[in-house]
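Numbering (my numbering), first residue to last: 75 to 474.
Don't be surprised by glycine CBs; every beta carbon is placed ideally from N, CA and C.
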Ligand code: HEM
């Protein structure tokens, strides 16, 4: 392609903070595959089109193994840290499948359906605490972050009292502004924390995922810790940001909020929120292991590729069409089920049934219990987390 390379990662725009960074939208307008310049000075391919992203994520000729020397890292210095202790997110089959299989049973749709009463209780209790004797609150600190944190703690057997520690460490890991030293230290500390917890659970097992992993003889202590870190980090920060952003997006749109009152419409509404917010908006990195012709270019073996789900999820041909609202507008009645906000292919989000249940229950309950919910500050003052690998909100002052 002749278009100039896109600098990555790129910041969100102040204009429409909910959309992908403008640099990515501009790249998408030039063609389905362009070039990107990574902050460390390397460059790679950038796939923005729906079909191309889908192929990259599902075709075995693209590897997710971060130990590959050409695996694209958005920021310099991160390779050694990730490659030293890879989680199954950054491994290929058969290693990936072997490790993922240890926890697939815990996140099946059926398993998560049985958890719904617990999630509902956690949501209700968070709202009770938030609203007791008050009419304003920071929705991030009091609702969006506690709900998924409590749920993942319950499943993993991580003490909720340790939340300040693991939430802070996760944020450092995901923060593009963290130094290499900070990321290395946070990664070590989280791993040590999970290693100690697993050792404790091996002595005194309880009914939770870490206890079950720790009891297995076919997993090393390192593998147990790495899987624990992945589940803990992926299990709270993502969903927390989805709850906060969804609320900020919908709070001034009563005709959309009304759809959340109909239980039949809630699952579809959450898919549309996943699509339009596509919070993993810096993309999913891969490296080609063979030459592949895709989107009019030849990607050579050993070249890095970033699959941008945020632009793919706004493909007019897939999500738009006659009678539909433009793809850049939220429409909770849209059929958004083909979105790739949870990824696609073998690495497709393991926690998606859980994330869906949490979002459905959290958002429907929030707007039902607080019909007068509104922003407590002017919209321009909302503090978005623009510096993170996962888009989100620092705080969300609301009133009711
Ligand atoms: C709305 C919230 C969430 C979003 C947007 C999200 C998004 C994603 C995406 C895009 C991927 C694919 C990454 C890639 O292919 O490179 C992924 C993988 C993963 N997610 Fe989620 N996720 C969410 C919630 C959760 C939750 C609640 C868990 C709970 C444990 C979780 C656990 C995982 C795991 C373990 C993987 C790695 C799967 C694999 O490599 O096989 N996620 N997620």
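Of all the options the options, which has the alpha carbon lying nearest to the alpha carbon of residue i?
i	options	result
residue 191	219, 103, 225 and 181	225
residue 294	269, 277 and 150	269
residue 118	380, 280, 395 and 396	380
residue 149	257, 136 and 240	257
residue 272	243, 263, 302 and 244	302
residue 323	405, 296 and 234	405
residue 330	366, 111 and 347	347
residue 168	218, 139 and 84	139
residue 455	444, 468 and 160	468
residue 452	470, 296, 205 and 441	470
residue 90	462, 458, 463 and 472	458
residue 213	444, 153 and 83	444
residue 313	104, 162 and 429	429
residue 388	103, 291, 449 and 163	103
residue 290	151, 159, 253 and 176	176
residue 251	474, 84 and 181	84
residue 416	383, 341 and 160	383
residue 414	399, 450 and 355	355
residue 259	154, 335, 184 and 223	154
residue 266	240, 277 and 333	240
residue 111	82, 96, 332 and 340	82
Between which two residues does the beta strand (DSSP E) harbouring residue i extend?
i	result
residue 118	117 to 121
residue 301	Where residue 301 is concerned, there is no enclosing beta strand (DSSP E), although the alpha helix (DSSP H) it sits in stretches over 295 to 324.
residue 210	210 to 212
residue 82	80 to 82
residue 367	366 to 368
residue 471	471 to 473
Would you call the CB atoms of residue i and residue j closer than 8 angstroms?
i	j	result
residue 249	residue 466	no
residue 141	residue 157	yes
residue 99	residue 80	no
residue 410	residue 345	yes
residue 106	residue 93	no
residue 274	residue 320	no
residue 460	residue 86	yes
residue 244	residue 311	yes
residue 135	residue 420	no
residue 114	residue 147	yes
residue 368	residue 126	yes
residue 297	residue 424	no
residue 163	residue 431	no
residue 209	residue 473	yes
On the DSSP letters alone, give me the boundaries of the alpha helix (DSSP H) that residue i sits inside.
i	result
residue 458	It is not in any alpha helix (DSSP H) - residue 458 instead sits in the beta strand (DSSP E) that spans 457 to 459.
residue 437	426 to 443
residue 111	That residue, residue 111, is in no alpha helix (DSSP H); its beta strand (DSSP E) goes 107 to 112.
residue 193	183 to 205
residue 224	220 to 230
residue 257	254 to 277
residue 411	First-last for residue 411: undefined, no H or E at that position.
residue 102	96 to 104
residue 328	328 to 331
Report task. Spell out a yes or no on whether the region 306 to 318 and the region 220 to 234 are touching, meaning 3 or more CB-CB pairs, one atom from each, closer than 8 angstroms. Result -> Touching, per the Cβ criterion.
Query raised in the report: Taking one C-beta from the region 194 to 203 and one from the region 433 to 447 each time, how about it: are there three or more such pairs within less than 8 angstroms?
Result: Judged by Cβ distances under 8 angstroms, the region 194 to 203 makes contact with the region 433 to 447, as three or more pairs qualify.
Report task. Count the C-beta pairs between the region 359 to 368 and the region 124 to 134 that are closer than 8 angstroms, then say yes if the count reaches three, no if not. Result -> Segments in contact, yes.
**Report entry** Three CB pairs or more closer than 8 angstroms across the region 278 to 295 and the region 216 to 225
**Finding:** At 8 angstroms Cβ cutoff, the stretches do not touch.
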